[in-house]
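Protein chains in written order, with the working numbering: chain A, 1 to 431; chain B, 1 to 143.
Glycine included, each C-beta is placed from N, C-alpha and C at the ideal position.
Keep in mind the model is a prediction, meaning the values are calculated, not measured.
A quick write-up on the structure given underneath.
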Amino acid sequence: MKYYHPDIECASPETLKALQAEKLVRAVRHAYDRVPYYRELMRQKKVEPGDIRSLEDLPKLPFLTKEDLRKAYPYGLLALPLSDVVRIQSTSGTTGTRVVAFYTQHDIDLWDESCARAIIAAGGGKDDVVHVCYGYGLFTGGPGLNGGSHKVGSLTLPMSSGNTERQIQFMLDLESTILCCTPSYAAYLAEAIIQMGVRDRIKLKAGIFGAEAWSEEMRRDIEDKLGIKAYDIYGLTEISGPGVSFECSEQTGMHINEDHFLAEIIDPETEEVLPEGSKGEIVFSCISKEAFPLLRYRTRDICVLSREKCSCGRTLIKMSRILGRSDDMLIIRGVNVFPSQIETVLLRCGYPANYQILLDRVRHTDSLEVQVEMTQEMFSDTVKGIAAREKELVASLRAMLGISPKVTIVAPRSIARSEGKAVRVIDKRKL
Amino acid sequence: MPVEQISVFVENHPGGLAVVAEALSAAGIDIRAMSLADTTDFGVLRLIVNDAPRTQTVLRAAGYIVSVTPVLAAFMEDRPGGLARVLQILADAAVNVEYLYAFITRKAGNALVILRVEDVDFAEKMLAKKGVQIADASTLLEL
Chain A
1 MKYYHPDIEC ASPETLKALQ AEKLVRAVRH AYDRVPYYRE LMRQKKVEPG DIRSLEDLPK
61 LPFLTKEDLR KAYPYGLLAL PLSDVVRIQS TSGTTGTRVV AFYTQHDIDL WDESCARAII
121 AAGGGKDDVV HVCYGYGLFT GGPGLNGGSH KVGSLTLPMS SGNTERQIQF MLDLESTILC
181 CTPSYAAYLA EAIIQMGVRD RIKLKAGIFG AEAWSEEMRR DIEDKLGIKA YDIYGLTEIS
241 GPGVSFECSE QTGMHINEDH FLAEIIDPET EEVLPEGSKG EIVFSCISKE AFPLLRYRTR
301 DICVLSREKC SCGRTLIKMS RILGRSDDML IIRGVNVFPS QIETVLLRCG YPANYQILLD
361 RVRHTDSLEV QVEMTQEMFS DTVKGIAARE KELVASLRAM LGISPKVTIV APRSIARSEG
421 KAVRVIDKRK L
Chain B
1 MPVEQISVFV ENHPGGLAVV AEALSAAGID IRAMSLADTT DFGVLRLIVN DAPRTQTVLR
61 AAGYIVSVTP VLAAFMEDRP GGLARVLQIL ADAAVNVEYL YAFITRKAGN ALVILRVEDV
121 DFAEKMLAKK GVQIADASTL LEL
């Protein structure tokens, strides 16, 4: 099988456009009728459902941002009664910006199908053993690929993350053929496999790696080390999860599942829609979802769209790899982190607001170091006393961010004070 | 009577300590005893000096983070077993010693140990009961 849903994936532009337009009109009506928060946004922009008659009318709609999701938390953007909802997923452990997304069975099905298309595009099929070591739980990575693998009919290994030795043991015993995880974990697994001397015994042929930005060099490195083809996958909880777009055999960008998710590129400053081929922020509209139908949601991810003919035969538009962010959000080990969250914790724990965040990628795994200046109050004559405070700070940061940082206490006034905008983040990761 | 120990936060890099020593030297402060606790990132330098209040002022003015901790300066017999005896008394009284270091005297026959314990008053009482002499700040100046 080459495609999961050839009628859609290889549809003519006219067919696809007609389908999208029909779905968009319905989705706008649905959101307007069912979501008072969204109705109010449309009123403010003086637009009514009747104004949206074709795809060309899309820019008339207001944008939705993470701020809206926060304001409307938890049920403000829900379009159906909870009795129709069967699942909740949430963004990776960030208190200030936690986002909850809702799914009906229909929404789960279309999400699963999106992931199924990705698995097929990566060469997967019924005879494959899909090894999922994305985290399971509120994080969408595990459930998404798990559902996709079921749809394809592959044997699904719901490994979840962690315990590398066990991962490799299962990989060997059950002959996993497709690996699904973050690219950094794939690189880590590759090294562990080589170290254990079992490189010749693994049966992997492909990997579907997402939830964080990675480079072409990293792709080649993983491919060489594991002897596989490595494919990128993109998605976000707000829109559904992984599978919003996926790479095909050409490995030159990710096909967007356009029958469910409309994509636009905008200038993040002026909010103007940019022509195809321009670099800008990607904005998604969900035209198939029932429970959580976000329209014109600003992802803050920077990329480029292109509708050039693809050798794989799919006509779905392609987005480039993520080239950056239009806000200060950092993605560390697949987890969204804002510097302001770190600042909140520091101030709450009595540290000065002068701090520095150092990001690095050591052996393909992201490391987060937070440097803070010692204060009179925090100082103790015993190392034990200082270590206890350091540990407290690490625990508070972990509770806020969902990942564990290294904390380094430095001398007072040793972190450079800049005159203008403070340089809080030093990102040494080469993406 | 406990004596005042000055603790200073120093970053773990070349020259970190030299700068502290230089600042004290310039102010004419006499270091009588010292110890350094180090971690990978930083160190805590502990000092017994001839003038604790002035040392604080000098170091704070130079931008250092400084704290003052009461510690005990206990006389020991200057022979094998001298330290063991002091520590045994504390152990018998269930006093936990956080850290200790030696105090250098200019007069022969005198040996002192600086003891950092949680409850200095209690530890002092226990040591005194067993005949261990505790030096106060003015006694230290004469040694």
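Cross-chain neighbours of residue i in chain A, by beta carbon under 8 Å
i, result
"Phe-103(B)", "Within chain A, no residue comes near Phe-103(B); the closest Cβ sits about 16 Å away, beyond 8 Å."
"Ala-37(B)", "Thr-382 and Val-383"
Rounded C-alpha distance that separates residue i from residue j
i, j, result
"Leu-358(A)", "His-106(A)", "42 Å"
"Leu-115(B)", "Tyr-101(B)", "7 Å"
"Ile-415(A)", "Thr-344(A)", "18 Å"
"Gly-82(B)", "Gly-402(A)", "53 Å"
"Asn-257(A)", "Gly-50(A)", "26 Å"
"Asp-259(A)", "Ala-18(A)", "10 Å"
"Gly-253(A)", "Glu-191(A)", "26 Å"
"Asp-232(A)", "Thr-140(A)", "16 Å"
"Gln-56(B)", "Glu-11(B)", "18 Å"
"Pro-412(A)", "Val-58(B)", "16 Å"
"Leu-172(A)", "Ser-161(A)", "17 Å"
"Leu-346(A)", "Leu-226(A)", "41 Å"
"Leu-90(B)", "Val-117(B)", "10 Å"
"Ala-33(B)", "Asn-354(A)", "34 Å"
"Cys-248(A)", "Cys-312(A)", "7 Å"
"Val-28(A)", "Lys-391(A)", "49 Å"
"Ser-404(A)", "Val-394(A)", "7 Å"
Beta-carbon contacts of residue i that lie in its chain and below 6 Å, excluding the five residues immediately before and after
i, result
"Phe-292(A)", "Ala-101 and Phe-102"
"Leu-433(A)", "Because chain A here runs from 1 to 431, residue 433(A) falls outside it and cannot be looked at."
"Thr-365(A)", "Ser-184 and Tyr-188"
"Tyr-38(A)", "Ala-31"
"Lys-289(A)", "Asp-107"
"Lys-126(A)", "Gly-153"
"Thr-95(A)", "Any reading at Thr-95(A) must be qualified, since the residue scores a pLDDT of 45, below 50, and its modelled position is unreliable; the value itself is stated next. Closer than 6 Å at Cβ, skipping near neighbours: Met-400."
"Leu-24(A)", "Ile-287"
"Val-95(B)", "Val-117 and Ala-123"
Per-residue contacts from residue i into chain A (C-beta, under 9 Å)
i, result
"Gln-5(B)", "Asp-381"
"Thr-57(B)", "Correct list: empty, because the minimum Cβ distance to chain A is about 14 Å."
"Glu-118(B)", "In chain order: nothing, as chain A lies at least about 10 Å away."
Proximal residues of chain B, C-beta to C-beta of residue i below 7 Å
i, result
"Gln-376(A)", "Ile-65"
"Pro-412(A)", "Gly-63 and Ile-65"
Residue i vs residue j beta-carbon contact at 8 Å
i, j, result
"Pro-443(A)", "Gln-89(A)", "Because chain A here runs from 1 to 431, residue 443(A) falls outside it and cannot be looked at."
"Ile-104(B)", "Leu-47(B)", "no"
"Ile-208(A)", "Ile-178(A)", "yes"
"Glu-264(A)", "Val-283(A)", "yes"
"Arg-300(A)", "Met-329(A)", "yes"
"Glu-369(A)", "Lys-406(A)", "yes"
"Cys-10(A)", "Arg-307(A)", "no"
"Phe-75(B)", "Ile-409(A)", "no"
"Lys-60(A)", "Ala-116(A)", "no"
"Glu-238(A)", "Ala-230(A)", "no"
"Ala-206(A)", "Gly-124(A)", "yes"
"Asn-110(B)", "Leu-143(B)", "yes"
"Gly-147(A)", "Asp-112(A)", "yes"
"Glu-250(A)", "Cys-310(A)", "yes"
"Pro-80(B)", "Glu-4(B)", "no"
"Val-8(B)", "Val-66(B)", "yes"
Contacting residues, own chain, Cβ-Cβ under 8 Å from residue i (five flanking each side not counted)
i, result
"Phe-170(A)", "His-131, Leu-157, Met-159 and Ser-176"
"Gln-20(A)", "Leu-55, Glu-258, Asp-259, Leu-262 and Ile-287"
"Val-183(B)", "The first residue shown for chain B is 1 and the last is 143, placing residue 183(B) beyond what the model contains."
"Pro-339(A)", "Asp-328, Leu-330, Ile-357, Arg-424 and Val-425"
"Gln-485(A)", "In the structure as shown, chain A starts at 1 and stops at 431, and residue 485(A) therefore has no counterpart that could be examined."
Contact set between residue i and chain A, taken where Cβ atoms lie within less than 7 Å
i, result
"Phe-9(B)", "Met-374, Phe-379 and Ala-411"
"Arg-46(B)", "Asp-381"
"Glu-22(B)", "The premise fails here: Glu-22(B) is roughly 16 Å from chain A at the closest Cβ pair, so nothing lies under 7 Å."
"Glu-98(B)", "Thr-382"
Contact list for residue i against chain B, beta-carbon separation under 8 Å
i, result
"Thr-408(A)", "Asp-41"
Sequence-distant residues of the same chain with beta carbon closer than 7 Å to residue i, five excluded per side
i, result
"Gln-438(A)", "Since the first residue shown for chain A is 1 and the last is 431, residue 438(A) is missing from the structure and cannot be characterised."
"Met-35(A)", "Checking the displayed sequence, the identity of residue 35(A) turns out to be Val instead of Met. Within the same chain, Val-35(A) has close Cβ partners Leu-77 and Ala-79."
Contact with chain E by residue i, beta-carbon distance below 8 Å
i, result
"Thr-69(B)", "Of the chains in the structure shown, none is chain E; the protein chains are A and B."
heavy atom of the ligand MG below 7 Å from residue i C-beta
i, result
"Arg-39(A)", "Annotation note on the ligand MG: not contained in the displayed structure, which lists no ligands."
Report the start-end ranges of each beta strand (DSSP E) in the segment 80–156 of chain A that is 3 residues or longer and not cut off at the edges. 87–90, 100–103 and 129–132
Can you list the beta strand (DSSP E) stretches of 3 or more residues lying completely in the segment 299–351 of chain A, in chain order? 330–332 and 335–337
Check: Which parts of the segment 359–412 of chain A are runs of the beta strand (DSSP E), unbroken and 3 residues or longer, counting only runs that do not cross its ends?
Finding: 365–373 and 406–410
Legend entry - Residue ranges of each beta strand (DSSP E) within the segment 107–137 of chain B, 3 or longer: 111–117
What are the complete beta strand (DSSP E) segments, minimum 3 residues, inside the segment 12–49 of chain B? 31–38 and 42–49
#### Entry: Length-filtered (3 minimum) beta strand (DSSP E) runs lying within the segment 246–290 of chain A
254–256, 261–266 and 279–286
Worksheet item: Which residue spans inside the segment 18–88 of chain A form an unbroken alpha helix (DSSP H) run of at least 4?
Response: 36–44 and 66–71
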